[in-house]
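In what follows, a single structure is set out as structure tokens and then discussed.
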Amino acid sequence: MAYSSSLPFSVCLLVLFHGCFAHIDLVTNHHQGQPWGQPQQPQPRRQSQCQIQNLNALQPKHRFRSEAGETEFWDQNEEQFQCASVAFLRHKIQRKGLLLPSFTSAPMLFYVEQGEGIHGAVFPGCPETYQSQSQQNIQDRPQRDQHQKLRRLKEGDVVALPAGVAHWIFNNGRSQLVLVALADVGNDANQLDENFRKFFLAGNPQGGVVRGGQSRDRNQRQSRTQRGEREEEESQESGGNNVLSGFRDNILAQAFGIDTRLARKLQNERDNRGAIVRMEHEFVWPEKGQRRQGREEEGEEEREPKWQRRQESQEEGSEEEEREERGRGSRRSGNGLEETFCSMRLKHRTPASSADVFNPRGGRITTVNSFNLPILQYLQLSAERGVLYNNAIYAPHWNMNAHSIVYITRGNGRIQIVSENGEAIFDEQVERGQVITVPQNHAVVKKAGRRGFEWIAFKTNANAKISQIAGRVSIMRGLPVDVLANSFGISREEAMRLKHNRQEVSVFSPRQGSQQ
């Protein structure tokens, strides 16, 4: 009887302890650097077929013009993009142009190739901690608007954008703003298929912009026909092409607490401006930026001393830098709480002063990964900005754990890519505006032309690693000289020259007598 009466008590005690340990494990995982709802380890990428026999440097295939700019897409059906499971696009935004608010089903990395602007991203549930003052007064009182954080964009900035986060971009500069972007459609965050999709919250963008240049899905056309709906030609007049246009106007009116007339305006069915529109109302940078914005409008910016502009720029960015320093300190302590969801940094600049590798006669390499932009740990993406001087060489190497999608930003040069069977699948001159994919573990070398050579490479790993074939930190330096001599059938003296003739790291200066 004593045994039978103690059995229920033992079972209850076991359940209690199991629940306690489960709670402890959940809290421990959170404090080890994983935000709530995130897996403890990054999820593996979807594997694609990569039977590439030949590569080509690609230009954009689809172009869609808007009122204040244009959007270009590279052909996502290209074999090299299918291998890497990515989509590639470029926005050209004219002065005072606004890229309408939108979001995608895949994480993205942007690079500011030219110009400057303002970027806003809205994270659900985060407070509107920034305040702007409108230039339009109501009843002689200035109107203040609260919103989430804004970020200044300048040439050389890398911007990360998680899947499903709505964002917009405004060109407040004096020249065209050009951004190139990679969408990682093979990322685990994308629960749809690997076709690029862009969901607009406003406007009436062309259907090709929404679908990344792809034609309307055949199954979607068939299902619409089966439902008795009339198939419309792809045009801006046929529908709003934003997510609000599919709702009934009376439902929208109730949801927003507005009348149906205004609700129909939100659906933008007769809007022909496209995805990039001209902002009619002048945008005012909040708080400290208002002083500088006023001087720019009056033309006093050029007369302002450079040291004063630099000081104000540092003041405006001090809050973000302080957060970054706190994040670095917390990462050293390893408690995993370096950034909260609402204050995480999305932007990282790549000036010459921050280069990871610098050769005064060869050039520089700057890496953006999860160590200097922690959000990339969750996006599983990184970037590399390269600058080579006249006839300099980026050491032969292979990407150990990532595909590399290279976009040429300036100058020209030669890229050679070699597959596992020793065949050169690419050996051509490349120039500004072209894209080439370097598959994982394929050996690659870059040599600058007479005008120099610059690029931005997007990589499909948060901490992409390379293994060099030549140079001071190469695999050749790590092998014993006898292993080298016997592997290549050369003398020990020749093997020693092979190991030690190049003392530079990654970026090699041109040798005398070298020719393009």
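Under mature numbering (1 follows the signal peptide of the UniProt record, and there is no 0), the letters of the sequence shown match residues -22 to -1, 1 to 494, in that order. Backbone N, C-alpha and C fix where the C-beta goes; we use that ideal spot for every residue, glycine too. All values reported here derive from a predicted model rather than from experimental measurement.
* Straight-line CA distance for PHE88 to ALA161? -> If I take the Cα positions, the gap works out to 9 angstroms.
* Asked: If we ignore side chains and look at the alpha-carbon of each, how far apart do PHE51 and GLY185 end up?
  -> C-alpha separation (whole angstroms): 13 angstroms.
* Asked: Is the Cβ-Cβ distance between residue 497 and PHE81 less than 9 angstroms?
  -> What is shown of the chain runs -22 to 494, which leaves residue 497 out entirely.
* Asked: Can the beta-carbon of GLN54 be found closer than 9 angstroms to that of ASN173?
  -> A contact, by the Cβ cut-off of 9 angstroms.
* Asked: What's the C-alpha gap between ILE386 and ASP237?
  -> Distance between ILE386 and ASP237, taken at the CA atoms: about 50 angstroms.
* Taking the continuous beta strand (DSSP E) assigned at SER360, which residues delimit it? -> Bounds of the beta strand (DSSP E) holding SER360 are 360 to 366.
* To do: Could you check if GLY151 is buried or exposed, using at least 16 other CB atoms within 10 Å of its CB as the buried criterion?
  => Counting the other CB atoms within 10 Å of its CB gives GLY151 a total of 16 or more, which places it among the buried residues.
* Asked: Sorted by chain position, which residues of the same chain lie with C-beta nearer than 6 angstroms to VAL423's C-beta, five sequence neighbours on each side aside?
  -> Contacts found: PRO374 and GLN394.
* Would you call the CB atoms of ASP44 and VAL163 closer than 9 angstroms? -> Rather than Asp, the amino acid found at residue 44 in this sequence is Ser. No.
* What do you get for THR328, buried or exposed, if any count of 16 or more other CB atoms within 10 angstroms of its CB means buried? -> Counting Cβ neighbours within 10 Å, THR328 comes out buried, since at least 16 surround it.
* Asked: If we call anything under 9 angstroms between Cβ atoms a contact, is ALA180 one with LEU78?
  -> Less than 9 angstroms divides the Cβ of ALA180 from the Cβ of LEU78.
* To do: Identify every residue that forms a DSSP beta bridge with SER445.
  => Beta-bridge partners of SER445 (DSSP): TRP376.
* On the three-pair Cβ rule with 8 angstroms, is the stretch 362 to 378 touching the stretch 413 to 428? -> Contact between the stretch 362 to 378 and the stretch 413 to 428 is established, with three or more Cβ pairs separated by less than 8 angstroms.
* Have a look at ILE414 and GLY467 and give me their C-alpha separation to the nearest angstrom. => Near 35 angstroms, if we compare the C-alpha coordinates of GLY467 and ILE414.
* Would you call the stretch 96 to 108 and the stretch 318 to 325 touching, i.e. three or more CB-CB distances under 8 angstroms? -> The answer is yes - the stretch 318 to 325 touches the stretch 96 to 108, with three or more Cβ pairs under 8 angstroms.
* Asked: Taking the beta strand (DSSP E) that THR238 falls in, what are its first and last residues?
  -> Taken as a continuous stretch (DSSP letters only), THR238 belongs to no beta strand (DSSP E), being part of the alpha helix (DSSP H) at 238 to 244.
* Asked: Between PRO85 and the rest of its own chain, which residues show a CB-CB distance below 7 angstroms, the 5 nearest in sequence each way excluded?
  -> Taken in chain order, the residues that qualify are LEU139, PRO140, ALA141, ASP162, ASN165, ALA167, LEU357 and LEU359.
* Asked: DSSP puts LYS132 in a beta bridge; with which residues?
  -> Note: LYS132 is bridge-paired with GLU94 in the DSSP secondary-structure output.
* Among ALA233, ALA144, ILE254 and ILE353, which one has its Cα closest to the Cα of ASN441? -> That would be ILE353, whose Cα lies nearest to the Cα of ASN441.
* **Distance, GLY235 Cα to GLY389 Cα** => Roughly 54 angstroms separates the two Cα atoms.
* Give the straight-line distance between the Cα atoms of LEU157 and ALA463, rounded to the nearest whole angstrom. => Taking the straight line joining both Cα atoms gives about 48 angstroms.
* With a cut-off of 8 angstroms on the beta carbons, I'd call LEU222 and LEU244 a contact; round off their distance for me. => Rounded, the Cβ-Cβ distance is 5 angstroms, consistent with contact.
* With DSSP collapsed to three states, give me the class of VAL158. => The three-state reading of DSSP puts VAL158 in strand, counting E and B together.
* Quick one: Cα of ALA159 to Cα of ARG122, how far? -> Rounded to the nearest whole angstrom, the CA to CA distance from ALA159 to ARG122 is 33 angstroms.
* To do: Could you please give the first and the last residue of the uninterrupted alpha helix (DSSP H) stretch that includes LEU476?
  => 470 to 478 is the span of the alpha helix (DSSP H), which, as asked, contains LEU476.
* Asked: Contact check, ASN337 vs VAL485 under 8 angstroms by CB: the rounded distance?
  -> That pair is a contact at about 4 angstroms.
* Go ahead and label GLN286 buried or exposed: buried means 16 or more other beta carbons lie within 10 angstroms of its beta carbon, across all protein chains shown. => Any reading at GLN286 must be qualified, since the residue scores a pLDDT of 38, below 50, and its modelled position is unreliable; the value itself is stated next. GLN286 counts as exposed, since fewer than 16 other beta carbons sit within 10 angstroms of its beta carbon.
* For the candidate residues VAL187, ASN34, GLY75 and ARG410, whose alpha-carbon lies nearest to that of PHE59? -> If we check each option's Cα against that of PHE59, ASN34 comes out closest.
* Within its chain, find whatever has a CB closer than 6 angstroms to the CB of VAL384; leave out the 5 residues flanking it on each side and keep chain order. => For VAL384, where only same-chain residues beyond five positions count, the Cβ hits under 6 angstroms are ILE414, TRP433 and ALA435.
* Could you have a look at ASP460 and say whether DSSP puts it in helix, strand or coil? => The three-state reading of DSSP puts ASP460 in helix, counting H, G and I together.
* To do: Run the proximity test for ASN149: is its beta-carbon closer than 8 angstroms to any non-hydrogen atom belonging to the ligand ADP?
  => This structure simply doesn't include the ligand ADP, nor any ligand for that matter.
* To do: Can you have a look at HIS69 and say buried or exposed, based on whether 16 or more other CB atoms are within 10 angstroms of its CB?
  => Burial call: buried.
* Asked: So LEU155 packs on GLY93, CB below 8 angstroms; how close in whole Å?
  -> Indeed they touch by this definition, with Cβ atoms about 4 angstroms apart.
* For ASP123, three-class secondary structure by DSSP -> Strand.
* Asked: Under three-state DSSP, which class holds ASN337?
  -> ASN337 carries a strand assignment under DSSP once its states are collapsed to helix, strand and coil.
* Between GLN72 and ARG189, is the Cβ-Cβ spacing less than 9 angstroms? -> Note that the C-beta distance between GLN72 and ARG189 is not below 9 angstroms.
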